[in-house]
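Read the structure below first, then the notes.
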Amino acid sequence: MTTQAPTPSQVRDAWDAIADGFDRYATPQTMAFGEQVLSRLELGPGVRVLDVAAGTGGLSIPAARTGADVVAVDISPAMIEHLAARGRTEGLTGLEARVGDGEALDFDDATFDVAVSMNGVSLFPDIPGGLRELVRVTRPGGQVLVVTFGPMHKAEFIAFFLGAMQATVPGSVPPPTGPPMPPFRLADPTTLRRTLQEASLRDVRVETTTWETGFDSVDHLLDTVLTSNPIAGQLTAGLTHEQFGQVRQVLDGMLRERSGGDPGAVLSCEMRIGQGTV
Ligand SMILES: C[S@@+](CC[C@H](N)C(=O)[O-])C[C@H]1O[C@@H](n2cnc3c(N)ncnc32)[C@H](O)[C@@H]1O
Numbered sequence: 000m001t002t003q004a005p006t007p008s009q010v011r012d013a014w015d016a017i018a019d020g021f022d023r024y025a026t027p028q029t030m031a032f033g034e035q036v037l038s039r040l041e042l043g044p045g046v047r048v049l050d051v052a053a054g055t056g057g058l059s060i061p062a063a064r065t066g067a068d069v070v071a072v073d074i075s076p077a078m079i080e081h082l083a084a085r086g087r088t089e090g091l092t093g094l095e096a097r098v099g100d101g102e103a104l105d106f107d108d109a110t111f112d113v114a115v116s117m118n119g120v121s122l123f124p125d126i127p128g129g130l131r132e133l134v135r136v137t138r139p140g141g142q143v144l145v146v147t148f149g150p151m152h153k154a155e156f157i158a159f160f161l162g163a164m165q166a167t168v169p170g171s172v173p174p175p176t177g178p179p180m181p182p183f184r185l186a187d188p189t190t191l192r193r194t195l196q197e198a199s200l201r202d203v204r205v206e207t208t209t210w211e212t213g214f215d216s217v218d219h220l221l222d223t224v225l226t227s228n229p230i231a232g233q234l235t236a237g238l239t240h241e242q243f244g245q246v247r248q249v250l251d252g253m254l255r256e257r258s259g260g261d262p263g264a265v266l267s268c269e270m271r272i273g274q275g276t277v
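In numbering that gives the first Met the number 0, the protein residues as written are 0 to 277.
Printed below as a string of structure tokens:
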């Protein structure tokens with residue numbers, strides 16, 4: 000069976016549909032992690048930063064808080080509206096939010112000092128093409144930094160959800176032996192390093208770090224997962240109301256087991272950070 004890559008308008012519509020929830024649930028957690036990620040770069044006034052597949056600002060907002068000039072690009076107009084609203088609320092005058100396709104960036108070569116993408120380029124159907132664009136628009140000597148998930152079983156908020164799905168409706172999630180789902184295609188550090196080197200980056204380093212994500216309850220976890228990537232909603236779309244209730248119950252049990260009886264828990268997520276010089 001061949002799977003066709005979705006068209007840009009399908010990608011846009013799918014992310015537009017979950018942008019409100021993404022902004023409410025994912026971004027507050029992502030921004031805290033984003034700050035940690037950006038400490039690897041020297042950002043500040045006068046530094047020109049591009050964030051590709053910026054979502055509602057997980058990296059762009061903390062980058063703009065340093066005083067850097069940040070351009071945030073995302074294919075989803077709804078994501079960009081939320082991102083711009085966050086920038087206005089914080090009075091971040093150096094932040095520009097633009098709708099655009101990261102696979103065909105609308106910038107001249109060598110426009111930026113730094114280009115970043117967190118769980119962005121790693122989701123593109125053509126990852127090497129997306130990376131080539133990041134490299135093209137970054138000046139020689141500038142930095143490109145890419146953040147992606149480690150293996151799925153170590154992204155606990157996703158693994159818990161998929162585990163509850165599989166326990167309730169066997170066969171409802173892709174088998175672990177198949178090709179990795181899009182968010183995990185660069186999870187292997189060797190693959191990530193090689194992919195960055197093949198994009199002509201020099202001095203490539205790949206680091207593993209942990210992102211702690213806190214959830215107050217099973218519903219908080221479900222709301223987050225179902226609006227963090229359109230794939231989650233596609234997986235639950237075939238469930239009956241009763242089956243979804245069972246998934247929720249199993250997941251509730253998993254969270255309580257982790258926390259020792261409380262409804263909420265902190266879950267950890269192994270992340271890879273790849274960085275190189277143009
Ligand atoms: C998982 S979110 C990550 C958002 C943000 N970087 C973060 O870490 O919070 C993936 C984002 O990629 C965007 N996206 C997907 N394909 C894209 C493309 N070809 N060009 C630009 N953005 C894209 C989606 O609209 C979505 O906002």
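Idealized CB from N, CA, C, for every residue including glycine.
Nearest to residue i by CA position, among the options, is which residue?
i	options	result
A67	V113, T208 and L82	V113
Q274	M180, F156 and R201	R201
L49	A71, L37, Q35 and G252	A71
G101	R11, E256 and H240	R11
G232	I157, I74, R255 and L185	I157
V143	L40, A166 and H240	L40
T88	A63, P76, L104 and A103	A63
A166	T223, G252 and Q3	G252
Taking the C-alpha atoms as reference points, what is the distance between residue i and residue j?
i	j	result
I60	R85	8 Å
D108	T276	15 Å
V265	F183	21 Å
H81	Q248	32 Å
R23	V205	30 Å
P179	R193	17 Å
L104	T212	32 Å
R255	D215	11 Å
S38	G140	18 Å
F106	Q3	28 Å
A83	P76	10 Å
V36	T223	21 Å
G45	H240	53 Å
Grab me the residues of residue i's own chain with a C-beta within less than 6 Å of its C-beta, minus the 5 sequence neighbours each way, in chain order.
i	result
G119	V51 and A52
M164	S171, V172 and V246
G162	none
L185	S121, T147 and L191
R47	D68, F111 and D112
P181	L122
Suppose the cutoff is 8 Å on Cβ atoms and the five residues either side in sequence are ignored; what does the same chain contact list for residue i look like?
i	result
T209	S267, C268, E269 and M270
G43	T65, G66 and A67
P229	A13, W14, A16 and I17
P5	A13 and P124
R188	First, the residue type needs correcting, since residue 188 is Pro and not Arg in the sequence shown. Same-chain partners within the cutoff: V205, T207 and R271.
M78	W14, D15, A18, F21, D22, A53, G54 and T55
T235	M164, L225, F243 and V246
I74	P7, V10, R11, W14, A52, V98, G99, D100 and G101
V203	R192, L195, Q196, G273, Q274 and G275
Using a threshold of 8 Å, state whether the C-beta atoms of residue i and residue j are closer than that.
i	j	result
V145	L195	yes
L250	F159	yes
V136	T110	yes
A198	R131	yes
V69	G93	yes
V168	L122	no
Considering only residues of the same chain and omitting the five flanking positions on each side of residue i, which have a CB-CB separation below 7 Å?
i	result
G57	T26, T29, M30, G33 and M117
S258	A264
S227	F21 and A25
Using a beta-carbon distance below 8 Å, is residue i in contact with chain C?
i	result
P44	Looking for chain C here will not work: only one protein chain is present.
>> Under 8 Å, with one C-beta from each stretch per pair, do the segment 144 to 159 and the segment 169 to 183 reach the 3-pair mark?
In response: Two segments are said to touch when three or more pairs of C-beta atoms, one from each, lie closer than 8 Å; by this definition the segment 144 to 159 touches the segment 169 to 183.
**Message:** Check whether the segment 217 to 226 and the segment 250 to 266 are in contact - that is, three or more C-beta pairs closer than 8 Å.
**Reply:** At 8 Å Cβ cutoff, the stretches touch.
Q.
I want to know whether the segment 84 to 99 touches the segment 123 to 131 - three or more CB-CB distances under 8 Å.
A. Flag = no, the segment 84 to 99 and the segment 123 to 131 do not touch.
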